[in-house]
Amino acid sequence: MEQDWIESYKKSKNGVVMDYYNKKIMAPMVRVGTYPMRLLAYNYGCDIAYSEELIDLKLMKSTRHVNEKLKTIDFIAKDKTLCYRTSEKDVNNVLQLGTASSITALEAAKVVCNDVCAIDINMGCPKFFSVQGGMGSALLSKPDTIKDILTTLKRNLTIPITCKIRLLSTDQETIDLLRIIESTGVSAIGVHCRMIPERPRDPAHWDRLENILNNASFSVPIIANGDIFENSDIEKIRKQTRVDSIMIARGAVKNVSIFSKPSPVDLKQIIQEYLEIAYQTNNSPVNTKYVINSMLNENNITTNKEAKAMASARDYDTITKIWDTNDKYKQFLLDNNIDINNIEDGANKTKTKNKNNTSGKKTKLEETNNENDIKKQKIEEENNNSNNNNINNNNIINKEE
C-alpha cells in the first residue's frame with residue numbers, strides 16, 4: 000500500500016543525525032551523482048553521497064511528486080523533466096546547491112528540505128557555467144555573501160548545512176575563510192585540495208591541507224577531496240592531513256568499489272550492477288550512457304568493442320546488449336509488464352511515440368542539470384509559505400548584501 004512505503008520513507012528522512020567524522024563520502028559530480036550512482040555507491044560502502052550540483056533557480060520552481068510506481072520522491076522541473084529523485088534507499092543523501100544568493104538558496108532549499116538529509120553549497124566549482132552566475136568558486140572572493148547564504152539557511156532550516164570550497168592562494172587566506180564559514184554554524188566543510196585556476200590534471204595539494212590543519216583547529220569536521228584514486232589513498236590522506244573525513248570524486252567513477260575494497264572489483268561487473276539499478280529506477284538512458292562512458296574514460300578504455308558500441312547506443316535495449324545483461328533486462332520488463340521507455344513518471348507523464356525507441360531520439364525524461372539552464376532561468380519572485388517539518392517556525396529572514 001502507498002501509505003506503508005510513504006511512512007517508512009518519512010522515517011528514513013526525518014530525524015536523521017548526520018555524522019561527518021570518519022566518513023567516506025561520494026563527491027558531487029555533474030551528471031554522475033544522480034540517483035542510480037548514489038545507490039551503487041552505498042552498496043560499496045559509501046557513507047554519504049552528494050548529488051550533482053542543482054541550480055537554485057531551477058530547483059525552486061520544481062514540483063514534489065510521489066512516484067508510486069518507483070516508490071521514490073521526484074522533483075519535476077517546470078519543463079516536465081526530472082530534476083531530482085530520492086527514496087528510502089538513498090540513506091544519507093546530501094543535495095548540493097548551486098547558488099549566488101541567500102534568497103534563492105533558501106527558496107530552493109525549502110522545496111527539498113524534507114527529502115534530503117543535508118544541503119551543501121557549492122563554493123568550489125571553477126567552471127564557466129557556475130562562475131558566470133556568481134556561483135561555485137566565484138563565491139570564494141565574496142566572504143560576506145558566503146556568510147549570508149550559510150547563515151540564512153542555518154537560521155531557517157533544521158537539517159545540516161555544509162559547503163565545499165577550494166584552497167585559496169595562501170594557507171592563511173584559506174584559514175581565514177574556514178573561520179568565517181565555521182562561524183555560521185555549518186555541520187562540515189569540504190576542502191578540494193586545488194586552487195581555483197587548477198584542473199584535474201594538476202596534482203592535489205595534500206601538503207597544503209596538512210599545513211593548514213597543523214596550524215589551525217576547527218570545531219567542525221573538515222573533509223578532504225582530491226586525488227583519491229585507490230582504496231589505499233584513503234588511509235594515506237587521513238594520516239598525512241589528519242582530516243576528519245574523505246571525499247572521493249573521480250576515484251569513485253573509476254571504480255566505485257574504492258569505498259570498501261582493497262582491490263578494485265572488475266569494471267564490467269560494476270557497470271552491469273550500475274546498469275541494472277539504472278533501468279530499474281527509470282533513469283534516463285542518456286544519463287546512464289554518460290555515466291558508463293565516464294567510468295570507461297576514467298579507466299582509459301576508449302577503443303575496445305564495448306566503448307565503441309556505446310558511442311551509438313541510445314536506449315536500454317542496446318546498452319544492455321553491449322554489457323551482456325539484455326536477458327535480465329527483458330525479464331525485468333516482462334516481470335513488471337512495462338516498457339522502460341514508456342513509464343508514466345507521475346507528473347512527468349513521459350511517453351514515446353515509438354515504444355521500442357529505436358529512432359535514436361531522446362525521450363522527454365532527460366537529465367535536467369543542464370549547463371544552459373543557468374542562462375535560461377530568470378529569478379521569479381515567489382512566496383512559498385511552506386509548513387514543512389524541516390523549516391523553522393520563526394520568521395524567515397532573507398538578507399542579500
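Position one of the sequence shown corresponds to residue 0 (numbering that gives the first Met the number 0), numbered consecutively onward.
Quick reminder that beta carbons are idealized off the backbone N, C-alpha and C, glycines included.
Please confirm whether residue i and residue j have their CB atoms less than 8 Å apart.
i	j	result
Pro220	Tyr19	yes
Tyr49	Val255	no
Cys116	Ile180	no
Asn113	Gly97	no
Asn230	Pro202	no
Arg165	Leu139	yes
Ser61	Tyr8	no
Gly225	Arg178	no
Gly83	Val111	According to the sequence displayed, residue 83 carries Tyr and not Gly. Yes, the Cβ-Cβ distance between Tyr83 and Val111 is below 8 Å.
Val190	Ile222	yes
Ala26	Ile247	yes
With distance defined between alpha-carbon atoms, name the residue in the options nearest to residue i.
i	options	result
Arg313	Asn286, Asn335, Val255	Asn286
Asn296	Lys141, Ser283, Ile270	Ile270
Glu67	Ala26, Leu94, Glu6	Glu6
Ala99	Tyr83, Asp143, His64	Asp143
Ser182	Lys146, Ser140, His191	Lys146
Ala76	Ile54, Ile227, Met25	Ile54
Ile227	Lys307, Ser218, Ile245, Phe217	Ile245
Cys124	Ile118, Gln95, Ala107	Gln95
Ser216	Asp232, Pro199, Gln171, Asn292	Gln171
What is the rounded straight-line gap between the Cα of residue i and the Cα of residue j?
i	j	result
Asp243	Gln131	32 Å
Gln279	Gln330	11 Å
Lys109	Ile102	11 Å
Lys235	Lys23	13 Å
Met36	Tyr273	7 Å
Asp265	Asn299	15 Å
Ile160	Val93	9 Å
Thr302	Lys253	17 Å
Trp322	Asp316	10 Å
Gly250	Ile257	7 Å
Lys163	Asp89	21 Å
Asn336	Asn282	18 Å
Arg241	Pro263	25 Å
Lys307	Asp175	49 Å
Leaving aside the five residues before and after residue i along the sequence, list all residues of the same chain whose C-beta is less than 8 Å from its C-beta, in chain order.
i	result
Gln239	Trp205, Asp206, Glu209
Trp4	Lys70, Glu87
Gly327	Correcting the residue type first, residue 327 is Lys in the shown sequence and not Gly. Taken in chain order, the residues that qualify are Glu275, Thr319.
Ser11	Glu87, Val90
Our contact map puts residue i next to residue j with C-beta atoms below 8 Å; I'd like the distance itself, whole angstroms only.
i	j	result
Ile276	Leu105	Contact doesn't hold; Cβ gap of about 33 Å is too wide.
Ser91	Met28	It should be pointed out that residue 91 corresponds to Asn in this sequence rather than to Ser. Their Cβ separation, rounded to whole angstroms, is 16 Å, which puts Asn91 and Met28 out of contact at 8 Å.
Excluding five sequence neighbours on each side, which residues of the same chain lie with their C-beta closer than 7 Å to the C-beta of residue i?
i	result
Thr173	Leu166, Leu167, Ile211
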